[in-house]
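*Asks:* Structure below; questions to follow.
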Amino acid sequence: MRTQFGLETKLCRLGGDVSVTDGTVIAGYASVFGAVDQGGDVVEPGAYGASLARLAASGGRVKMLWQHDPAAPIGVWDEVREDGRGLWVSGRLLTDVAQGREAAALIAAGAIDGLSIGYRTVTAAKDAGGRRRLKVLELWEVSLVTFPMLPEARVAEAKSTGDEWRALTDALDRARAELAQR
6 MRTQFGLETK LCRLGGDVSV TDGTVIAGYA SVFGAVDQGG DVVEPGAYGA
56 SLARLAASGG RVKMLWQHDP AAPIGVWDEV REDGRGLWVS GRLLTDVAQG
106 REAAALIAAG AIDGLSIGYR TVTAAKDAGG RRRLKVLELW EVSLVTFPML
156 PEARVAEAKS TGDEWRALTD ALDRARAELA QR
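Going by this note's numbering, the letters in the sequence shown line up with residues 6 to 187, in that order.
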């Protein structure tokens with residue numbers, strides 16, 4: 006966990022449960038309820054509900070960032086919701102943005118496999134084991150990251166069906182072949 010300007014971040018790994026689809030759509034769990042992260046925190050079911058309701062009422066959105074950098078938005082989350090397992094996110098990488106193209110390429114190559122939440126703790130309590138139980142959170146952003154804090158939180162889908170995706174993967178294949186010849 007990192008804290009900057011009152012914003013806490015939790016990292017989780019993308020993997021078998023995260024995917025990229027339909028252009029540059031990614032989807033998966035950014036947080037899993039009841040799982041202990043590497044910082045010893047546990048997010049309780051319902052922790053995001055009030056924050057998501059406030060955002061919806063105001064027309065706001067949870068931001069999609071690159072490595073928690075507020076100067077590096079890379080896409081938009083079209084759906085952010087709680088379900089019985091955790092915090093599900095689905096959105097689009099913006100390949101018209103340089104970092105969005107890079108993120109899509111890194112995910113396709115398997116080089117990036119992490120999601121991370123940026124939030125402010127509203128209500129938490131320590132349990133008998135000394136773990137912090139996060140009961141109410143104000144969710145600000147979900148980032149694609151290199152090193153996840155919560156291994157269970159993963160990207161489930163990553164796909165693209167557009168010509169730009171095929172062009173990107175072809176370019177990656179050509180670059181790999183060129184490097185292999187050196």
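From the three backbone atoms N, C-alpha and C, an ideal C-beta is built for every residue, glycine too. The model shown is predicted, which means the values in this text are computed figures rather than measured ones.
1) Taking the alpha-carbon positions, what's the ASP118 to ALA133 distance?
2) For a test of the three-state rule: what should DSSP assign to ALA109, helix, strand or coil?
3) If you draw a straight line from the C-alpha of GLU146 to the C-alpha of LYS131, how long is it?
4) What did DSSP end up calling GLY91 once you bin it into helix, strand or coil?
5) Using DSSP bridges, identify the partner residues of TYR69.
6) First and last residue of the beta strand (DSSP E) that includes ALA35?
7) Measuring straight from C-alpha to C-alpha, what distance separates VAL30 and GLU87?
8) Taking 8 Å as the threshold, find out whether the stretch 138-152 comes into contact with the stretch 112-128 through three or more Cβ pairs.
9) Taking the beta carbon of GLN186 as the centre, do at least 16 other beta carbons fall within 10 Å, making it buried, or is it exposed?
10) With distances taken from CA atoms, which of ALA116, ALA58 and GLY105 is nearest ARG66?
11) How is the beta strand (DSSP E) around LEU57 delimited, first residue to last?
*Replies:* So, to answer that:
1) Counting from one through the sequence shown, the residue named residue 118 turns up at place 113. Counting from one through the sequence shown, the residue named residue 133 turns up at place 128. Going from the Cα of ASP118 to the Cα of ALA133 covers about 33 Å.
2) For this step, residue 109 is matched to residue 104 along the sequence shown. Reduced to three states, the DSSP call for ALA109 is helix.
3) Start at 1 with the first residue of the sequence shown, and residue 146 comes out as number 141. Start at 1 with the first residue of the sequence shown, and residue 131 comes out as number 126. Distance between the alpha carbons of GLU146 and LYS131 is about 25 Å.
4) Numbered from its first residue, the sequence shown carries residue 91 at position 86. GLY91 falls in the strand class under three-state DSSP.
5) Along the sequence shown, one-based indexing puts residue 69 at 64. With the sequence shown as reference, residue 69 is identified as Met, and Tyr is not the correct amino acid for it. Looking at the DSSP assignment, MET69 forms a beta bridge with GLY80 and VAL147.
6) Position 30 of the sequence shown, counting from 1, holds the residue named residue 35. Run containing ALA35: 30-37, per the beta strand (DSSP E) assignment.
7) The sequence position of residue 30 within the sequence shown is 25, counting from 1. The sequence position of residue 87 within the sequence shown is 82, counting from 1. Going by the C-alpha atoms only, they are around 19 Å apart.
8) yes
9) Numbered from its first residue, the sequence shown carries residue 186 at position 181. By the 10 Å Cβ count, GLN186 comes out exposed.
10) Start at 1 with the first residue of the sequence shown, and residue 66 comes out as number 61. It is ALA58.
11) In the sequence shown, residue 57 corresponds to position 52, counting from 1. No beta strand (DSSP E) holds LEU57; the alpha helix (DSSP H) holding it covers 54-63.
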